[in-house]
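Notes to accompany the following structure.
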Amino acid sequence: MAAARSVSETQYDETMPEVDESLDKLVGEKPRVPDGGWGWWCVLGRFYIHFLIIGTKSAFGIIYIELIDYFHGNRAETAWVGSVASGIILLIAPLSGWMTERYGCRLPTIVGSSVATVGLFASWFSTSMTSLCVTYGVITGLGLGLTFIPSAVIVLHYFDKRRGFASAIGSTGGGIGAMVLPLFYVHTFEEYGWRGSLWILAGLVLNGVVCGALFRPPLWLKTPELKEQCEKESESETKTVQKSSQAKEFFSVLKNIRFVLFALGTFFCNVGYATPLVHLPDMASQRGFSKSNVAVLLSIMGISGVILRLPVAWVSDFRSVSRLLIHTLSLLVCGVATVICPFVYSYWGLALYSAVHGGFIGVYGSFLSVLVADIVGVRDSNKAFAFLVFFGGLPSLFSSPLAGWMYDGTQSYITSFCFAGSTFLVSSLLTLVVFLIGFFNKH
Numbered sequence: 003m004a005a006a007r008s009v010s011e012t013q014y015d016e017t018m019p020e021v022d023e024s025l026d027k028l029v030g031e032k033p034r035v036p037d038g039g040w041g042w043w044c045v046l047g048r049f050y051i052h053f054l055i056i057g058t059k060s061a062f063g064i065i066y067i068e069l070i071d072y073f074h075g076n077r078a079e080t081a082w083v084g085s086v087a088s089g090i091i092l093l094i095a096p097l098s099g100w101m102t103e104r105y106g107c108r109l110p111t112i113v114g115s116s117v118a119t120v121g122l123f124a125s126w127f128s129t130s131m132t133s134l135c136v137t138y139g140v141i142t143g144l145g146l147g148l149t150f151i152p153s154a155v156i157v158l159h160y161f162d163k164r165r166g167f168a169s170a171i172g173s174t175g176g177g178i179g180a181m182v183l184p185l186f187y188v189h190t191f192e193e194y195g196w197r198g199s200l201w202i203l204a205g206l207v208l209n210g211v212v213c214g215a216l217f218r219p220p221l222w223l224k225t226p227e228l229k230e231q232c233e234k235e236s237e238s239e240t241k242t243v244q245k246s247s248q249a250k251e252f253f254s255v256l257k258n259i260r261f262v263l264f265a266l267g268t269f270f271c272n273v274g275y276a277t278p279l280v281h282l283p284d285m286a287s288q289r290g291f292s293k294s295n296v297a298v299l300l301s302i303m304g305i306s307g308v309i310l311r312l313p314v315a316w317v318s319d320f321r322s323v324s325r326l327l328i329h330t331l332s333l334l335v336c337g338v339a340t341v342i343c344p345f346v347y348s349y350w351g352l353a354l355y356s357a358v359h360g361g362f363i364g365v366y367g368s369f370l371s372v373l374v375a376d377i378v379g380v381r382d383s384n385k386a387f388a389f390l391v392f393f394g395g396l397p398s399l400f401s402s403p404l405a406g407w408m409y410d411g412t413q414s415y416i417t418s419f420c421f422a423g424s425t426f427l428v429s430s431l432l433t434l435v436v437f438l439i440g441f442f443n444k445h
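So for the sequence shown, this note's numbering puts the first residue at 3; every next one is plus one.
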C-alpha cells in the first residue's frame, strides 16, 4: 500500500498518467503479487533474520563489557570488534543485492547464515581482539550481511496492498531481538562465559538456513508463461518508457538531490547510532548498576521499538501524513535525548532514556526502505536502498571506536554521548531539508 502510494504521489508527474500505467505493467506487481499465502512464511523468515541481525548489533554492549574485563583492553580497541561486524553487515549490501538479483532470495540467505555460523563458532578459539575482529567482526558480519537484502526483497515479492504492514511485522523481529538477546547474554555468560555464549548463538544463527529454505520465489516469478507475458508487455511498452526516460532522468539516484541529502543524513545518523547501544551498558555499569539491570536497559530499547513501530507505520499510510516528517521528528527526539543522557544518573532516568531512544530509533529504522521508494521511485528503489545501506556502513566501522576513544581521552562519556546526539540532530536537519525541497517542488 505504501509503495503504491509512493508511485502515484512522488515518482511521477500528475500530467503523465500514461507513463505511470506503462511502468506499472513493466514492474508486473499489481496483477500478479499474491498479497499473502506463502508470503506469510516469508514474513516469519524475515522476522527471524532481523531478530538475529538487529539483535546481535543491539546486544553487543553486553559482550563489550565482558571483553573489556577479559582482555583488559581500552574501550576504543574493544569497540572495534562490534563496529567491524556492524560495518560489514551494511557494506556488504551491494554483494548481497547482486546475489539476490542473480540467484534469488534463497541462496544468499542460506550461504550467509552458514558463513555467520562459522564465524561465531570460530570465535571460541580467539585469543586477542585482533582475531575476534576477524572471526566475529568480518566473518560473522559478512554472513549476516548477506541475509539482509534477500530477507527484505522476498516480502516485496509476495505483497502489494499489504506490503507496508507485512514489512513492518517482519522488521519487528529486530526489536524482539534487541529485547531478548541482552538478557540471553547475561544469563549464558554466567553459565558458559562469552565463548560458550557465542557457540549457542551460532546454533541460533544456523537456523537462518531454515529461513532461507522458506524463501521460495512466488509463482509469478517462476512460471514460464507469466515470464513470457511479462516480456511481451515489456516489448510493447518499451517505446513509451524510452520516451519518458529522458523526462524522468532525475530518477537516477546520484542525480537526485533529495536522495543525496537523505543519504548524507543517514551517514550522520550512523556516526552516532552505535554509541547508545554499545556504550550505555558500560556507562550504567560504572554508576554501580548490576549486569542484569544493565541488560534490562537494552531490552527496554527493544520493547519500545516494537510497541511504537507498528502503530506509527499504520498511521504513516494515511495520505495526510508525511513519513519524512515522522522520520525527521524521530531523529530530533533521539538527538535531544542522547545529549541529555550522560547527565542522568538515576536508573529510572536511564530507563526512560532507553524507552524514548529505543522507540524513536525503531521508527527511524522502519521507514528507511519506504522513504527511499518515496524519494527515487519504485523503479530505482532497489539500487538506491543498496547504495544507502552501503553508504551508511562506512561510519558504522568507526562510530563505536570513536566514542570509546573519546572516553579514553576524557574518562567520561559526556563527550561521546553529546557528539552522538549532535549527529542525530544534523541528520534530522538534512531530512527536514529533503522534505522542504519536495514540498516546494509540489507547490
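Where is the CB? At the ideal position from N, CA and C, for every residue including glycine. Keep in mind that this is a model prediction, so the values were computed, not measured.
- Put F150 into one of helix, strand or coil per three-state DSSP. helix
- Segment limits, alpha helix (DSSP H) that includes Y105: 95 to 105
- Item | contact_flag[the segment 51 to 63, the segment 143 to 161] where n(CB pairs < 8 Å) is 3 or more | Inter-segment contact for the segment 51 to 63 and the segment 143 to 161 is present: three or more beta-carbon pairs are separated by less than 8 Å.
- Taking the alpha-carbon positions, what's the S130 to A87 distance? 16 Å
- Message: Is it the case that the segment 289 to 305 contacts the segment 54 to 67, given that we only count it when at least three CB pairs across the two stretches are under 8 Å?
- Response: Three or more beta-carbon pairs separated by less than 8 Å link the segment 54 to 67 to the segment 289 to 305, which places the two stretches in contact.
- Query: For Y479, which residues of its own chain have a beta-carbon under 8 Å away from its beta-carbon, when the five flanking residues on both sides are left out?
  - Reply: Nothing can be reported for residue 479: it is not among the residues displayed for the chain, which extend from 3 to 445.
- Message: Using the three-state DSSP reduction, which class does V262 fall into: helix, strand or coil?
- Response: helix
- Task: Could you tell me which of G172, P278, V372, S371 sits nearest to C453, measuring between CA atoms?
- Result: Because the chain in this structure spans residues 3 to 445, residue 453 falls outside the shown range and cannot be described.
- Query: Would you report the Cα separation of V157 and F345, rounded to the nearest angstrom?
  - Reply: 42 Å
- Message: Just to check my reading of the structure: V83 and G145 have Cβ atoms closer than 8 Å, yes? What is that Cβ distance to the nearest angstrom?
- Response: V83 to G145, Cβ: 16 Å. No contact.
- Query: Quick one: is T58 buried, meaning 16 or more other Cβ sit within 10 Å of its Cβ, or exposed?
  - Reply: By the neighbour-count rule (16 or more Cβ atoms within 10 Å), T58 is buried.
- Would L438 be called buried (16 or more neighbouring beta carbons within 10 Å of its own) or exposed? exposed
- Rank T132, S128, I91 by C-alpha distance to the C-alpha of V2 and give the top, closest one. Lying outside 3 to 445, the shown extent of the chain, residue 2 is not represented and no answer is given.
- Task: State buried or exposed for E233, treating a residue as buried only when at least 16 other CB atoms are found within 10 Å of its CB.
- Result: Note that E233 has pLDDT 48, beneath the 50 cutoff, so the model's placement of it is unreliable and the number below is only indicative. E233 counts as exposed, since fewer than 16 other beta carbons sit within 10 angstroms of its beta carbon.
- Query: To the nearest angstrom, how far is it from the Cα of S368 to the Cα of L310?
  - Reply: 10 Å
- Message: By the three-class DSSP mapping on this structure, what secondary structure does N209 have?
- Response: coil
- Task: Confirm, please, whether the CB-CB distance from V273 to T425 is below 7 Å.
- Result: Cβ distance < 7 Å, so T425 and V273 count as in contact.
- Item | 8 Å contact criterion, which F264 and T433 should meet: CB distance rounded | Yes, they are in contact, since the Cβ atoms of F264 and T433 sit about 7 Å apart, within 8 Å.
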